[in-house]
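A.B. asks: Take this structure, written in structure tokens, and hold onto it; I'll ask about it next.
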Amino acid sequence: MEVRALQFNAHVETDLLCLVAEEGVRDYAWPSAVVGQLMAAQKFAGKLGEKASCVYLPEGAERPLRVVAAGLGKTAELTPETVRRALGAGLKEAERLKVDVLTIMPWNCPGLDAGDAARGVTEAFLLASYRFNRYLADKKECSVRTLQVGYTPDQEVAVIAGIKLGQTLGEATNLARDLVNEPGNVLTPERLAQEAQKAGEKYGFAVEVWEEDRIAELGMEAFLAVGKASTNRPRLIVMRHLGDPAHPDQILGLVGKGITFDSGGLSLKQAKGMEAMKYDMAGAAAVIGAMSALAREQVGVNVVAVVAACENLISGTGYRPGDILGTMAGKTVLVESTDAEGRLTLADAVHYIITRENASVVVDVATLTGAVIVALGNLTTGVLTNDQGLYARLEQAAQKSGEKVWQLPAFPEYKEQNKTAYADLRNVGGREAGTITAGLFIAEFVQDKPWLHLDIAGTAFAEKEGEYLSQGATGVGVRLLYHLAETYV
Numbered sequence: 086m087e088v089r090a091l092q093f094n095a096h097v098e099t100d101l102l103c104l105v106a107e108e109g110v111r112d113y114a115w116p117s118a119v120v121g122q123l124m125a126a127q128k129f130a131g132k133l134g135e136k137a138s139c140v141y142l143p144e145g146a147e148r149p150l151r152v153v154a155a156g157l158g159k160t161a162e163l164t165p166e167t168v169r170r171a172l173g174a175g176l177k178e179a180e181r182l183k184v185d186v187l188t189i190m191p192w193n194c195p196g197l198d199a200g201d202a203a204r205g206v207t208e209a210f211l212l213a214s215y216r217f218n219r220y221l222a223d224k225k226e227c228s229v230r231t232l233q234v235g236y237t238p239d240q241e242v243a244v245i246a247g248i249k250l251g252q253t254l255g256e257a258t259n260l261a262r263d264l265v266n267e268p269g270n271v272l273t274p275e276r277l278a279q280e281a282q283k284a285g286e287k288y289g290f291a292v293e294v295w296e297e298d299r300i301a302e303l304g305m306e307a308f309l310a311v312g313k314a315s316t317n318r319p320r321l322i323v324m325r326h327l328g329d330p331a332h333p334d335q336i337l338g339l340v341g342k343g344i345t346f347d348s349g350g351l352s353l354k355q356a357k358g359m360e361a362m363k364y365d366m367a368g369a370a371a372v373i374g375a376m377s378a379l380a381r382e383q384v385g386v387n388v389v390a391v392v393a394a395c396e397n398l399i400s401g402t403g404y405r406p407g408d409i410l411g412t413m414a415g416k417t418v419l420v421e422s423t424d425a426e427g428r429l430t431l432a433d434a435v436h437y438i439i440t441r442e443n444a445s446v447v448v449d450v451a452t453l454t455g456a457v458i459v460a461l462g463n464l465t466t467g468v469l470t471n472d473q474g475l476y477a478r479l480e481q482a483a484q485k486s487g488e489k490v491w492q493l494p495a496f497p498e499y500k501e502q503n504k505t506a507y508a509d510l511r512n513v514g515g516r517e518a519g520t521i522t523a524g525l526f527i528a529e530f531v532q533d534k535p536w537l538h539l540d541i542a543g544t545a546f547a548e549k550e551g552e553y554l555s556q557g558a559t560g561v562g563v564r565l566l567y568h569l570a571e572t573y574v
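Count along the sequence shown from 1, add 85, and you get the number used in my numbering.
So, in structure tokens, the structure goes:
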């Protein structure tokens with residue numbers, strides 16, 4: 086796939102010309118009056134998701150040019166996400182026509198900067214053209230191999246910068262999608278660590294991998310208990326991008342849940358749908374992708390990411406309901422369900438990133454609860470926080486990434502559900518408010534640091550194709566975390 090900037094002219098060489106138009110705009114600069122008439126004849130109104138196409142012969146040209154128009158929706162609601170969605174519609178038309186080169190006309194909508202539009206266009210192209218086909222004999226690729234983003238002379242600098250960032254974020258998101266889509270027999274904890282190391286070498290961030298003996302020395306009993314039943318042994322993956330050496334005490338800590346396959350353990354999951362439990366490391370994939378993007382763009386912020394990677398399987402060595410486990414923080418946990426394992430690994434990882442890596446802010450990302458899908462569906466990531474200023478930063482980042490987030494309440498009364506007479510905590514808070522009590526279990530280990538908990542169980546995987554995302558892993562969180570880190574520059 087190639088994305089390039091192009092100073093636009095009326096005789097551009099392309100297989101398909103794509104233009105985007107806002108809803109209700111009457112004086113749109115069509116490439117020709119004929120095109121405007123043809124679009125009007127199709128009653129094209131510029132509504133979001135709407136598209137129309139035509140073929141015309143440009144003046145002085147030797148061959149006709151095919152044009153597709155994609156609707157952006159209302160000017161007041163224009164964001165990089167609406168650009169992504171509009172281009173997704175345009176790309177589908179390009180694929181239907183099996184074109185090789187797609188060209189986007191210069192941006193002329195005043196509601197959004199040309200650089201932001203170029204970023205959105207590039208991200209949409211890379212995300213929409215993604216295919217996880219490495220295990221298919223017939224590897225059907227996206228037909229469009231080249232995207233040309235047109236610009237006018239005054240837009241050149243902004244558009245080139247937007248394309249560059251869009252490529253970084255699109256490719257980092259697709260890296261995360263590749264990791265999540267890999268089957269569990271391939272992506273073991275060891276392999277996940279190797280993939281993090283490869284990304285670190287490629288993009289320029291440090292990666293340290295700890296094996297079981299060193300993990301045990303840290304006192305991470307809860308983390309190790311989850312992985313005890315598997316012959317694929319746990320790994321602690323620590324990644325560092327120190328982009329602001331002048332402020333070594335300001336460190337954004339990212340923690341990603343890294344259960345590379347989750348059978349539920351002795352609290353066994355139902356067979357139906359268990360194959361999807363390879364997705365239980367989507368939080369880990371998100372932080373690896375985000376670290377790749379931050380290092381590649383050399384963002385001036387200190388970020389450390391930690392993944393406690395293991396498998397939750399069944400064997401005679403596995404942990405049991407009723408076990409009482411220690412944690413690195415010194416708190417004890419009664420195991421009521423071995424299928425509530427993610428919070429056990431996250432508890433140790435969060436304590437580690439605060440006490441050993443000196444994180445001043447902590448964000449954990451996890452496919453933690455099915456309850457969040459019941460509450461918010463597959464569209465929105467559930468969020469808990471102890472710091473409203475930090476949540477405001479997340480909302481700002483979500484506006485840029487197009488990923489929807491929603492804050493859930495974290496009233497102290499909910500913490501009572503995690504209490505038991507037999508240990509400091511229990512790992513199941515009951516049926517009610519399951520997403521909240523799971524998040525507040527992790528809150529017990531954040532030591533009053535500003536903290537965000539992102540439950541991506543509903544948003545990490547798409548059951549059906551979207552406007553610019555295919556079925557399967559979405560790479561949720563990569564762009565969101567990148568833009569969150571940007572707010573600290």
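In this text, a Cβ means the ideal position worked out from N, Cα and C, and glycines have one as well.
Going by CA-CA distance only, name the one from E87, A114, L212 and K136 that's closest to A261.
C.D. replies: Numbered from 1 along the sequence shown, position 176 holds the residue referred to as residue 261. For the residues E87, A114, L212 and K136, the minimum Cα distance to A261 belongs to L212.
A.B. asks: Helix, strand or coil for G374, going by three-state DSSP, please let me know.
C.D. replies: As a working mapping, residue 374 is identified with position 289 in the sequence shown. Three-state result, G374: helix.
A.B. asks: Specify, as a first and last residue, the run of the beta strand (DSSP E) that Y141 falls within.
C.D. replies: Here residue 141 refers to the residue found at position 56 when the sequence shown is read from its first residue. Run containing Y141: K136 to Y141, per the beta strand (DSSP E) assignment.
A.B. asks: Going by DSSP, what residue range makes up the alpha helix (DSSP H) through T231?
C.D. replies: One-based indexing of the sequence shown puts residue 231 at position 146. First-last for T231: T231 to Y236, but that is the beta strand (DSSP E), not the alpha helix (DSSP H).
A.B. asks: Are the Cβ atoms of A284 and V292 separated by less than 9 Å?
C.D. replies: Here the question's residue 284 lines up with position 199 in the sequence shown. Here the question's residue 292 lines up with position 207 in the sequence shown. Result yes, Cβ atoms of A284 and V292 sit closer than 9 Å.
A.B. asks: Closest by CA to A137, which one among V561, A126, L337 and I541?
C.D. replies: Within the sequence shown, residue 137 is the residue found at index 52, counting from 1. The option with the nearest alpha carbon to A137 is A126.
A.B. asks: So the candidates are D449, G515 and V531; which of them puts its Cα closest to the Cα of G562?
C.D. replies: To locate residue 562, count along the sequence shown from 1; it is residue 477. Checking every option, the nearest Cα to that of G562 belongs to D449.
A.B. asks: Could you give the first and the last residue of the continuous alpha helix (DSSP H) run that contains I521?
C.D. replies: The residue you call residue 521 lines up with position 436 of the sequence shown. G519 to A528 is the extent of the alpha helix (DSSP H) around I521.
A.B. asks: At the level of alpha carbons, what is the spacing between E586 and G134?
C.D. replies: For residue 586 there is no data in the structure shown, the boundaries of the chain being 86 and 574.
A.B. asks: For the segment 249 to 302, list the alpha helix (DSSP H) runs that are entirely contained and at least 4 residues long, ordered along the chain.
C.D. replies: Runs of the alpha helix (DSSP H) inside the segment 249 to 302: 274 to 288 and 297 to 302.
A.B. asks: Determine whether the beta carbon atoms of L479 and L569 lie at a separation below 9 Å.
C.D. replies: Position 394 of the sequence shown holds residue 479. Position 484 of the sequence shown holds residue 569. For L479 and L569, yes; Cβs fall inside 9 Å.
A.B. asks: Tell me whether the beta-carbon of L264 lies closer than 9 Å to the beta-carbon of L254.
C.D. replies: As a first step, residue 264 is located in the sequence shown; it is residue number 179 there, counting from the start. As a first step, residue 254 is located in the sequence shown; it is residue number 169 there, counting from the start. Not closer than 9 Å, so no.
A.B. asks: Could you tell me which residues DSSP puts in a beta bridge with T465?
C.D. replies: Residue 465 sits at position 380 when you count from the first residue of the sequence shown. Bridge partners of T465: K489.
A.B. asks: Is it the case that the Cβ atoms of E180 and V234 are separated by a distance below 9 Å?
C.D. replies: Translated into positions along the sequence shown, residue 180 becomes position 95. Translated into positions along the sequence shown, residue 234 becomes position 149. Contact: no.
A.B. asks: Quick check on the DSSP output: the alpha helix (DSSP H) that includes E208 runs from which residue to which?
C.D. replies: Numbered from 1 along the sequence shown, position 123 holds the residue referred to as residue 208. E208 -> alpha helix (DSSP H) spans A199 to A213.
A.B. asks: Three or more C-beta pairs under 8 Å: does that hold for the segment 312 to 320 against the segment 329 to 336?
C.D. replies: No, the segment 312 to 320 is not in contact with the segment 329 to 336.
A.B. asks: Look at the alpha carbon of D408 and the alpha carbon of P535, and state the distance between them as a whole number of angstroms.
C.D. replies: Reading the sequence shown from its first residue, position 323 is the one you call residue 408. Reading the sequence shown from its first residue, position 450 is the one you call residue 535. Their backbone Cα atoms lie some 31 Å apart in a straight line.
A.B. asks: Looking at the unbroken beta strand (DSSP E) that takes in M324, where does it start and where does it end?
C.D. replies: Along the sequence shown, read from residue 1 onward, the residue named residue 324 stands at position 239. M324 -> beta strand (DSSP E) spans R320 to L327.
A.B. asks: For the alpha helix (DSSP H) that L566 lies in, which residues bound it at each end?
C.D. replies: Start at 1 with the first residue of the sequence shown, and residue 566 comes out as number 481. Unbroken alpha helix (DSSP H) run through L566: V563 to E571.
A.B. asks: Note down, in chain order, each residue of its chain lying with its Cβ closer than 6 Å to the Cβ of S486, except the 5 sequence neighbours on either side.
C.D. replies: Taking the sequence shown and counting its residues from 1, one reaches residue 486 at position 401. Excluding sequence neighbours, S486 sits near R564, L565 and H568.
A.B. asks: On the DSSP letters alone, give me the boundaries of the alpha helix (DSSP H) that K183 sits inside.
C.D. replies: By 1-based counting over the sequence shown, the position of residue 183 is 98. Counting along the chain, K183 falls outside any alpha helix (DSSP H), and DSSP gives it neither H nor E.
A.B. asks: Quick check on DSSP: helix, strand or coil for F546?
C.D. replies: In the sequence shown, the residue the question calls residue 546 occupies position 461. Reduced to three states, the DSSP call for F546 is strand.
A.B. asks: What whole-angstrom Cβ distance do L157 and G131 have, given they're in contact under 8 Å?
C.D. replies: The residue you call residue 157 lines up with position 72 of the sequence shown. The residue you call residue 131 lines up with position 46 of the sequence shown. About 6 Å separates the two Cβ atoms, so the contact holds.
A.B. asks: According to the Cβ coordinates, are L303 and A444 closer than 9 Å?
C.D. replies: As a first step, residue 303 must be located in the sequence shown, where it is residue number 218. As a first step, residue 444 must be located in the sequence shown, where it is residue number 359. For L303 and A444, no; Cβs fall outside 9 Å.
A.B. asks: Let me check one thing: in DSSP terms, what residues is F346 bridge-paired to?
C.D. replies: Stepping through the sequence shown from its first residue, residue 346 is reached at position 261. Bridge partners of F346: E396.
A.B. asks: Along the alpha helix (DSSP H) that carries D433, what are the first and last residues, could you check?
C.D. replies: Translated into the one-based positions of the sequence shown, residue 433 becomes position 348. Unbroken alpha helix (DSSP H) run through D433: G427 to T440.
A.B. asks: Helix, strand or coil, according to DSSP, for R151 in the structure here?
C.D. replies: Within the sequence shown, the letter at position 66 stands for residue 151. Correct three-state label for R151: strand.
A.B. asks: By a C-beta neighbour count over all protein chains shown, 10 Å radius and 16 as the cutoff for buried, is V447 buried or exposed?
C.D. replies: The residue you call residue 447 lines up with position 362 of the sequence shown. Buried, by the Cβ-count rule.
A.B. asks: Going along the chain, which residues of its own chain have a beta-carbon closer than 7 Å to the beta-carbon of V110, five neighbours each way excluded?
C.D. replies: Numbered from its first residue, the sequence shown carries residue 110 at position 25. Taken in chain order, the residues that qualify are G131.
A.B. asks: Can you give me the Cβ contacts of R85 inside the same chain, cut-off strictly under 6 Å, excluding the 5 residues immediately before and after it?
C.D. replies: There is no way to answer for residue 85, as the model of the chain reaches only from 86 to 574.
A.B. asks: Answer with buried or exposed for S400, where buried requires no fewer than 16 other C-beta atoms within 10 angstroms of its C-beta.
C.D. replies: As a working note, residue 400 is residue 315 in the sequence shown. Burial call: exposed.
A.B. asks: Go through its chain and collect everything with a Cβ distance to A155's Cβ below 6 Å, but skip five positions before and after it.
C.D. replies: Position 70 of the sequence shown, counted from the first residue, corresponds to residue 155. Answer for A155: V105, K136, A171, A174 and G175, listed in chain order.
A.B. asks: Does the beta-carbon of P274 have 16 or more other beta-carbons within 10 angstroms, so that it is buried, or is it exposed?
C.D. replies: Here residue 274 refers to the residue found at position 189 of the sequence shown. By the neighbour-count rule (16 or more Cβ atoms within 10 Å), P274 is buried.
A.B. asks: Can you tell me the Cα-Cα spacing of V388 and T440, whole angstroms?
C.D. replies: Here the question's residue 388 lines up with position 303 in the sequence shown. Here the question's residue 440 lines up with position 355 in the sequence shown. Roughly 15 Å between the two C-alpha positions.
A.B. asks: Can you have a look at K357 and say buried or exposed, based on whether 16 or more other CB atoms are within 10 angstroms of its CB?
C.D. replies: For the purposes of this step, residue 357 is taken as the residue at position 272 of the sequence shown. Counting Cβ neighbours within 10 Å, K357 comes out exposed, since fewer than 16 surround it.
A.B. asks: Let's see if you can read the secondary structure: which residues bound the beta strand (DSSP E) around A90?
C.D. replies: Taking the first residue of the sequence shown as position 1, residue 90 is located at position 5. Where A90 is concerned, the enclosing beta strand (DSSP E) stretches over E87 to Q92.
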